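*Asks:* Starting off with a structure, shown below.
4 protein chains.
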Amino acid sequence: MRSFASDNNAGVHPQVMEALQQANEGHAVGYGADVHTERAVEVLKGHFGPQSEAHFVFLGTAANVLGLAALVRPYQSVICAETAHINNDECGAPERFLGSKLVGVPHTDGKITPEAIAPLLESRGFEHHSQPAAVSVTQPTELGALYSLDELKAIGEFCKQENLRLHMDGARIANAAAALDVSLAAMTRDVGVDVLSLGGGKNGLMYGEAIVFMRPGLDTDFRYVRKQAMQLVSKMRYLSVQFEAMFGTDLWIENGQRANAMARLLAEKAGAVDGVEITRPVETNAVFASMPMQAIETLKQEFFFYVWEPTRPEVRWMTSFDTTEDDVERFAAALKRAMDT
Amino acid sequence: MRSFASDNNAGVHPQVMEALQQANEGHAVGYGADVHTERAVEVLKGHFGPQSEAHFVFLGTAANVLGLAALVRPYQSVICAETAHINNDECGAPERFLGSKLVGVPHTDGKITPEAIAPLLESRGFEHHSQPAAVSVTQPTELGALYSLDELKAIGEFCKQENLRLHMDGARIANAAAALDVSLAAMTRDVGVDVLSLGGGKNGLMYGEAIVFMRPGLDTDFRYVRKQAMQLVSKMRYLSVQFEAMFGTDLWIENGQRANAMARLLAEKAGAVDGVEITRPVETNAVFASMPMQAIETLKQEFFFYVWEPTRPEVRWMTSFDTTEDDVERFAAALKRAMDT
Amino acid sequence: MRSFASDNNAGVHPQVMEALQQANEGHAVGYGADVHTERAVEVLKGHFGPQSEAHFVFLGTAANVLGLAALVRPYQSVICAETAHINNDECGAPERFLGSKLVGVPHTDGKITPEAIAPLLESRGFEHHSQPAAVSVTQPTELGALYSLDELKAIGEFCKQENLRLHMDGARIANAAAALDVSLAAMTRDVGVDVLSLGGGKNGLMYGEAIVFMRPGLDTDFRYVRKQAMQLVSKMRYLSVQFEAMFGTDLWIENGQRANAMARLLAEKAGAVDGVEITRPVETNAVFASMPMQAIETLKQEFFFYVWEPTRPEVRWMTSFDTTEDDVERFAAALKRAMDT
Amino acid sequence: MRSFASDNNAGVHPQVMEALQQANEGHAVGYGADVHTERAVEVLKGHFGPQSEAHFVFLGTAANVLGLAALVRPYQSVICAETAHINNDECGAPERFLGSKLVGVPHTDGKITPEAIAPLLESRGFEHHSQPAAVSVTQPTELGALYSLDELKAIGEFCKQENLRLHMDGARIANAAAALDVSLAAMTRDVGVDVLSLGGGKNGLMYGEAIVFMRPGLDTDFRYVRKQAMQLVSKMRYLSVQFEAMFGTDLWIENGQRANAMARLLAEKAGAVDGVEITRPVETNAVFASMPMQAIETLKQEFFFYVWEPTRPEVRWMTSFDTTEDDVERFAAALKRAMDT
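These protein sequence lines are chains Y, E, F and R, in that order. Residues in the first sequence are numbered consecutively from 1, following UniProt numbering. Residues in the second sequence are numbered consecutively from 1, following UniProt numbering. Residues in the third sequence are numbered consecutively from 1, following UniProt numbering. Residues in the fourth sequence are numbered consecutively from 1, following UniProt numbering.
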């Protein structure tokens, strides 16, 4: 039975598992000096261009924090949406590792704008205030919303103009690419992103995320930072080969498309149930809905998922690369039963 | 000519300077094992009770950060007003030294309430979120407002109930005590404050602040934390004797009363000038006002002060222990001239 | 062709790969609330007793640093051998994450003694000095040497007596257990170890290490520390199931025995080659030898390995769970050729 | 009665106290935008050249740590003598604030050489090891020894050659200048020092040290680092004016000469007492001696001082700018009595 709690409840995609098997041949030098890592880096250069440099870490929080470590010093601050994963869901990892302040700004479904960032720049030059040096956006946002290319370009240009570095948390970027039907580069490099956290774990990998530095010079000392951050993988080939399998084929986008399609179906079925209201635009693989707390409790006996906003109450349901129409039907049926009781 | 930019533009009170002279006799063991430190600690026990423990550091930012270091671990967060000095005016010192997240909440003139804090406690028990462990209030606030004893009690009781530690930034607590006409203990220990930053520098000392731990056990390892935080004063006697001179007499409260009175006078005079609007309640030694930017520029040619909120525009004027009625008259006259041009 | 550079050049043991396959069934809640994690924790309780608590992280450096995080505060120091992995091979990760000082003491083949630790304790109580709070030993050491149970007991008793916490880096503890023919508990819990880094990656896992807290109370806030340290695994089941497969059977000890046996064979064959001197006792799966630099260069054209001490010169060769007698024969033959040229 | 425990047991020199009085006139803008700070910076440019930049902090530990903060990143290490103040007497402040590893090397009376540093550079380029980036020397050393100009030049050239930055802890540099009879620049800038901690507190100031950056570019972001490090002085004029008084006249060197002369006298008198052995060259204002523990205890009843090395036992006696021949005579007499009993 499949869960709608999070896309990380899904397993490992069969093609990825197969690649892991194949990588398990003989010996390989550790820490990245192996052929799978070499190939995975090439694969990502294929997506982001020859000037880009990709490195691998274990998980998304580390991808975000280490990517930002290349952009800010401790006395500088990172501007992000109040809802950003780095701001809410990393237990202060950025503050502790970077020593930097995170400044949350108002947002719409997790999306921020130059207008929201601009007022913070008045603190520049005053040593009493953390100095804004980087902006971090999440595509798609933690609330399932999408930045359009124009919205991203506007932020990218603003950052260039204001000498701010731009980081993108792309934990679910495959879902964004599928929804916008654009290339990975179009959503990142081409809009002015300096550093990207390229998600893998939520899209069918066993573990592992990539940090893509879009320009030379940004990753000069990265390998030392990664080691000190406890993110240097010893048997790197097993992490790299997963990226090779996913981004060296269309698997990444197919998985994103599937999850998005199932979310649309789920929203449609759930929205049709009396008393259930879909509360946010369904643009990727997240569905937010409000329903009575009693029905939530009943439904939770069959399916585990998270209550996002208890006061409303609002719940979050997520689909994944392996969600089937059957899963959605079963879930919708259970939802209906829960609402009827 | 006196400044209205900040109470730290004032000098050292003559009685404090006199005490520094007298302490400059022969040799004394360093790092706090001297008679002046012993006496200063006794003097503060006189204010806060025998169960309290006071320690000295160089400045207010350190008093705040080291006080909080006794209350939170890196994975825990500190809740404060968005306008709090620790959140805005310490260049990320708390984040860097504590490794902790600061969470700013909505406020009225810098004052927060249990209602504003409560929603943050839902994150408790979820390892993805910084765990709320301490609340920090500023008395009076950075906007010159005062918490009433009842407002502080409400926060104190809420913290006890919710197992949150309570820190008070008392950089200008003498002004608060003067305004509320209550003892230092009544505003701190008696309302449930665990740790107090007791201000000295803004009230006539040359340098130095005290951290007062209201209960035994809180300062067990303080002296190691202070040394590692680069705040252990070698010739401690010169810092301690200033506290002896100020808090062993009525000097602290007299200075607070004087500054407050001059602020009231300034607000009255300035408020009477056409086009100048006093924008916040004048409860201690800060006066906030709005006036045309052009007049601000003109006035700044005679008196240096800060523009607090450029969009409005709103300015901040502060009085100090040595502000005279003449100073205020001269400033008000200059203000009138600036508005007339 | 197999490498003798490090035991992390070996791949994933077939039984572990098989377990990963089997775990790849349907959905599972993330972050450790899955049946494999539950079982893996039980399996480790079987080894270390019901009072122990095990948690999983991605790699050995994190196991060491997070284990120590439960034992020291930033103003406290960790005492270890100058050669300890935490002191030499973690790029300052302990200093950065803990904020603590590491103090290296003299050693014999990586082994330290109470006599070497005792002089450091004179700094206790002086706030100018980092306060010794924990001792870290590596079993077997980075130089392949073994502590006897009596040597460990002596350190354990000294630590208890002196109120020092004892950490053990057990990245290769399976090799130690195989060599001493004792249980994991006998070498750790029973000699006074408080926290153990239990190695997996160097003994046939794909990734993952366990931190075993030997007493209740030590891991109270571990899950928050782990998240803030960027070590909370989202799809935990895939990490846990590897520990289940390895420590729920005899695989761990068999792998250790095999690697040790092959090291003895390698030492015998290599030691028989004219001009090659085995420089340290071969007690586990590491062989240290000295030979002319020219021969080293020649041999390196066939086999990659590390020069440990260039001045001597001394090299390190390591065997792993999958090293065969054939591998050793081929290596010894190549060594002979290299020495003959 | 004067102490021989440390030169920080002495008080404030009358000329410095006088300057503090004179600075206490009217109002001044805080944080360094005052005329005394402007003048003090000019005074130090007079010593170190127009290309130098000086900044002020509260104390020596901060001067060292913030100076080093301009030279290393967290994954880089600082090489120093095992006896260095930064390594032994700052309770891990460098590790905590910098996140960097300190690596102590063998020394002679606290002096290190290129030969002692060179072997550590082999770790360069290996991400597993902290990367050596800076060398820190103390002039004079914590053991009272002096580097000759040639010894310093040798280290400076080695550092330039090896692309290492050079920091000097000059907490007692006035004593060194007096002993070597050279200018401050000759001992620092001219031998290749990048950043100097210029001591004040041990030579007659009430508080305060300067950090002198010898080249433009090194202090670009210093003021933010200082604020985040809790070292930005609000009433800066009182700190600056002390440097103006001391380094704008010959007071600094006269104080150093006096303390050194008294140390020589003390060594002569003490060395003449039967059973007392002067254990180290007396080159500045420290005298190290060995004598029976019982005599130490007796002498301590009259004079407080530190036992440096209990096993020997070896004691440290320090003279200061205000030590008189009478003080030395009285101390020598007490020493004799202690030895006779």
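Think of the CB as a built atom: it goes at the ideal place given N, C-alpha and C, for glycine as much as any other residue. Predicted model, so just to flag it, every value in this text is computed and none were measured.
Looking at the C-beta of Glu90 of chain E, does it have a partner C-beta in chain F at a distance below 8 Å?
*Replies:* Indexing the second sequence from 1 puts residue 90 of chain E at position 90. Chain F, which has no Cβ nearer than 8 Å to the Cβ of Glu90 of chain E, makes this no.
*Asks:* Rounded to the nearest angstrom, what separates Met293 of chain Y and Lys300 of chain Y at their Cα positions?
*Replies:* Walking along the first sequence from the start, residue 293 of chain Y turns up at place 293. Walking along the first sequence from the start, residue 300 of chain Y turns up at place 300. Those two C-alpha atoms are separated by around 10 Å.
*Asks:* Just the chain F side, please: which residues come within less than 7 Å of Glu127 of chain E by C-beta, in chain order?
*Replies:* Taking the second sequence and counting its residues from 1, one reaches residue 127 of chain E at position 127. Ordered by position in chain F, the residues that pass the 7 Å Cβ test against Glu127 of chain E are Arg223, Tyr224, Lys227, Leu232.
*Asks:* Provide the residue span of the alpha helix (DSSP H) that contains Tyr207 of chain R, from first to last.
*Replies:* As a working note, residue 207 of chain R is residue 207 in the fourth sequence. Here Tyr207 of chain R belongs to no alpha helix (DSSP H), and DSSP marks it neither H nor E.
*Asks:* Taking the continuous beta strand (DSSP E) assigned at Val287 of chain E, which residues delimit it?
*Replies:* If you number the second sequence from 1, residue 287 of chain E lands on position 287. Per DSSP, Val287 of chain E belongs to the beta strand (DSSP E) from 286 to 290.
*Asks:* Please name the residues in the stretch 141 to 160 of chain Y whose beta-carbon is closer than 7 Å to at least one beta-carbon of chain E, in chain order.
*Replies:* Under the 7 Å Cβ criterion, the stretch 141 to 160 of chain Y contributes no residue.
*Asks:* Any beta carbon from chain Y within less than 8 Å of Lys101 of chain E's own beta carbon?
*Replies:* Counted from its first residue, the second sequence places residue 101 of chain E at position 101. Taking Cβ atoms only, chain Y reaches closer than 8 Å to Lys101 of chain E, which makes this a yes.
*Asks:* Grab me the residues of Ala245 of chain R's own chain with a C-beta within less than 6 Å of its C-beta, minus the 5 sequence neighbours each way, in chain order.
*Replies:* Here residue 245 of chain R refers to the residue found at position 245 when the fourth sequence is read from its first residue. Around Ala245 of chain R: Gln15, Val16, Ala19.
*Asks:* If Ala54 of chain Y sits next to Val191 of chain Y, beta carbons under 8 Å apart, how far is it from one beta carbon to the other, in whole angstroms?
*Replies:* As a first step, residue 54 of chain Y is located in the first sequence; it is residue number 54 there, counting from the start. As a first step, residue 191 of chain Y is located in the first sequence; it is residue number 191 there, counting from the start. Incorrect: roughly 18 Å between the Cβ atoms, too far for contact.
*Asks:* If His27 of chain F and Asn9 of chain Y are in contact, beta carbons under 8 Å, what's the gap, nearest whole angstrom?
*Replies:* Position 27 of the third sequence, counting from 1, holds the residue named residue 27 of chain F. Position 9 of the first sequence, counting from 1, holds the residue named residue 9 of chain Y. With a Cβ gap of about 4 Å, His27 of chain F and Asn9 of chain Y count as contacting.
*Asks:* Which residues, taken in chain order from the stretch 37 to 61 of chain F, show a beta carbon closer than 7 Å to some beta carbon of chain Y?
*Replies:* Correct list: Phe58, Leu59, Thr61.
*Asks:* The alpha helix (DSSP H) with Tyr224 of chain Y in it runs from where to where?
*Replies:* By one-based count along the first sequence, residue 224 of chain Y stands at place 224. That run of the alpha helix (DSSP H) goes 222 to 228.
*Asks:* Can you name the residues of chain Y whose CB is closer than 9 Å to the CB of Gly11 of chain F?
*Replies:* Here the question's residue 11 of chain F lines up with position 11 in the third sequence. Ala23, Asn24, Glu25, Gly26, His27, Ala28, Lys235, Arg237, Tyr238, listed in chain order.
*Asks:* Which runs of the beta strand (DSSP E) fall wholly inside the stretch 7 to 83 of chain E and span at least 3 residues, in chain order?
*Replies:* Whole beta strand (DSSP E) segments, 3+ residues: 53 to 57, 76 to 81.
*Asks:* Could you give the residue range of the alpha helix (DSSP H) that holds Ser240 of chain R?
*Replies:* If you number the fourth sequence from 1, residue 240 of chain R lands on position 240. Unbroken alpha helix (DSSP H) run through Ser240 of chain R: 237 to 247.
*Asks:* Under three-state DSSP, which class holds Glu277 of chain Y?
*Replies:* Taking the first residue of the first sequence as 1, we reach residue 277 of chain Y at position 277. Glu277 of chain Y: strand per DSSP, three-state reduction.
*Asks:* Is the Cβ-Cβ distance between Leu66 of chain E and Arg226 of chain E less than 8 Å?
*Replies:* Indexing the second sequence from 1 puts residue 66 of chain E at position 66. Indexing the second sequence from 1 puts residue 226 of chain E at position 226. Yes, these two residues count as a Cβ contact at 8 Å.
*Asks:* If you count every other CB in all the chains shown that lies within 10 Å of the CB of Lys160 of chain E, and 16 or more means buried, which is it?
*Replies:* Within the second sequence, numbered from 1, the residue matching residue 160 of chain E stands at position 160. Classification of Lys160 of chain E: exposed, given that the 10 Å Cβ count is below 16.
*Asks:* Reducing DSSP to helix, strand and coil, say where Val135 of chain Y ends up.
*Replies:* Against the first sequence, residue 135 of chain Y aligns to sequence position 135. Val135 of chain Y: strand per DSSP, three-state reduction.
*Asks:* What number of angstroms, rounded off, separates the C-alpha of Leu205 of chain E from the C-alpha of Val12 of chain E?
*Replies:* Within the second sequence, residue 205 of chain E is the residue found at index 205, counting from 1. Within the second sequence, residue 12 of chain E is the residue found at index 12, counting from 1. Straight-line Cα distance between these residues: approximately 5 Å.
*Asks:* For Phe126 of chain Y and Val41 of chain R, I'd like the C-alpha separation in whole angstroms.
*Replies:* On the first sequence, position 126 is the one that residue 126 of chain Y refers to. On the fourth sequence, position 41 is the one that residue 41 of chain R refers to. Cα-Cα distance, rounded: 20 Å.
*Asks:* So, using beta-carbon positions, are Ala259 of chain R and Asp7 of chain R closer together than 8 Å?
*Replies:* Here the question's residue 259 of chain R lines up with position 259 in the fourth sequence. Here the question's residue 7 of chain R lines up with position 7 in the fourth sequence. Yes, the pair counts as a contact, with Cβ atoms nearer than the cut-off.
*Asks:* Would DSSP call Ser123 of chain Y helix, strand or coil?
*Replies:* Taking the first residue of the first sequence as position 1, residue 123 of chain Y is located at position 123. Looking at Ser123 of chain Y - three-state DSSP - the assignment turns out to be helix.
*Asks:* Can you list the residues of chain Y that Ala96 of chain E reaches, using a CB-CB cut of under 7 Å?
*Replies:* The residue labelled residue 96 of chain E in the question sits at position 96 within the second sequence. Per the sequence presented here, residue 96 of chain E reads as Arg, with Ala not at that position. Within 7 Å Cβ-Cβ: Pro74, Gly99.
*Asks:* Against chain R, does Glu268 of chain F count as a neighbour if the rule is that its beta carbon must be under 8 Å from one of theirs?
*Replies:* By 1-based counting over the third sequence, the position of residue 268 of chain F is 268. No, its Cβ sits nowhere closer than 8 Å to a Cβ of chain R.
*Asks:* For chain Y, check one thing: does any of its Cβ atoms lie closer than 8 Å to the Cβ of Glu122 of chain E?
*Replies:* For this step, residue 122 of chain E is matched to residue 122 along the second sequence. By this cut-off, Glu122 of chain E is an interface position.
*Asks:* Take Val307 of chain E and list the residues in its own chain whose beta-carbon comes closer than 7 Å to its own, dropping the five residues that flank it on each side.
*Replies:* By one-based count along the second sequence, residue 307 of chain E stands at place 307. These residues qualify, in order along the chain: Ile296, Pro313, Val315.
*Asks:* Would you report the Cα separation of Gly208 of chain R and Lys202 of chain R, rounded to the nearest angstrom?
*Replies:* Along the fourth sequence, one-based indexing puts residue 208 of chain R at 208. Along the fourth sequence, one-based indexing puts residue 202 of chain R at 202. Approximately 10 Å between the Cα atoms of the pair.
*Asks:* Are Gly92 of chain R and Gly99 of chain F close, meaning C-beta to C-beta below 8 Å?
*Replies:* What you label residue 92 of chain R is simply residue 92 of the fourth sequence in a count that begins at 1. What you label residue 99 of chain F is simply residue 99 of the third sequence in a count that begins at 1. Going by C-beta atoms, Gly92 of chain R is nearer than 8 Å to Gly99 of chain F.
*Asks:* Using DSSP with H/G/I as helix, E/B as strand and the rest coil, what is Met168 of chain F?
*Replies:* Residue 168 of chain F sits at position 168 when you count from the first residue of the third sequence. In this structure, Met168 of chain F counts as strand in the three-state DSSP scheme.
*Asks:* May I ask you to report which of helix, strand or coil DSSP gives Val307 of chain E?
*Replies:* The residue labelled residue 307 of chain E in the question sits at position 307 within the second sequence. In this structure, Val307 of chain E counts as strand in the three-state DSSP scheme.
*Asks:* Between the alpha carbons of Ala210 of chain F and Ala185 of chain E, how many angstroms are there, rounded?
*Replies:* Start at 1 with the first residue of the third sequence, and residue 210 of chain F comes out as number 210. Start at 1 with the first residue of the second sequence, and residue 185 of chain E comes out as number 185. About 49 Å.
*Asks:* Is Thr324 of chain E helix, strand or coil when you go by DSSP?
*Replies:* Taking the second sequence and counting its residues from 1, one reaches residue 324 of chain E at position 324. Note: Thr324 of chain E maps to coil in three-state DSSP.
*Asks:* Within the same chain, show all residues whose beta-carbon is closer than 7 Å to that of His36 of chain Y, passing over the 5 residues directly before and after it, in chain order.
*Replies:* As a working mapping, residue 36 of chain Y is identified with position 36 in the first sequence. Closer than 7 Å at Cβ, skipping near neighbours: Ala23, Arg237, Ser240, Val241, Glu244.
*Asks:* Mind checking whether Ile173 of chain Y and Leu166 of chain Y have CB atoms under 8 Å apart?
*Replies:* Residue mapping note: residue 173 of chain Y aligns to position 173 of the first sequence, counting from 1. Residue mapping note: residue 166 of chain Y aligns to position 166 of the first sequence, counting from 1. No, the pair does not count as a contact, with Cβ atoms beyond the cut-off.
*Asks:* Tell me, which residues are paired with Met318 of chain Y by DSSP?
*Replies:* As a first step, residue 318 of chain Y is located in the first sequence; it is residue number 318 there, counting from the start. In the DSSP output, where bridge partners are listed per residue, Met318 of chain Y has Y:Ala286.
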